[in-house]
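Have a look at the structure below before the remarks.
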Amino acid sequence: GPERRADVQRLRVCVSRLRRRLRASGGESAAAIKTIHGTGYMLDAESPPSAPASSS
Numbered sequence: 002g003p004e005r006r007a008d009v010q011r012l013r014v015c016v017s018r019l020r021r022r023l024r025a026s027g028g029e030s031a032a033a034i035k036t037i038h039g040t041g042y043m044l045d046a047e048s049p050p051s052a053p054a055s056s057s
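Counting in this note's numbering, the sequence shown runs from 2 upward without gaps.
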């Protein structure tokens, strides 16, 4: 119904703003947010290497 359409539109706006900010920060990382038509969105990014544990 109308509530679902409003939620979908809100999500589109949020993803669009996120992509814009990622591009503005100087990266291709905006392309890491993939649109899966009929399903939603997917973050398609390699996870950064984990930092070695610090010893105390």
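Glycine included, C-beta positions come from ideal geometry on N, C-alpha and C.
* Close Cβ partners of Met60 (< 7 Å) along its chain, the five nearest in sequence each way excluded -> The structure shown does not extend to residue 60, since the chain spans only 2 to 57, so no value can be given for it.
* Just the Cα atoms here: how many angstroms apart are Gln10 and Ser26? -> Here residue 10 is taken as the residue at index 9 of the sequence shown, counted from 1. Here residue 26 is taken as the residue at index 25 of the sequence shown, counted from 1. Their Cα atoms are separated by approximately 24 Å.
* Quick one: give me the first and last residue of the alpha helix (DSSP H) that Asp8 is part of. => As a working mapping, residue 8 is identified with position 7 in the sequence shown. First-last of the alpha helix (DSSP H) with Asp8: 3-25.
* Who are the near neighbours of Ser30 in its chain, counting only those whose CB is closer than 6 Å to its CB and skipping five residues on each side? -> On the sequence shown, position 29 is the one that residue 30 refers to. Counting only Cβ-Cβ distances below 6 Å, and skipping sequence neighbours, we find Leu23.
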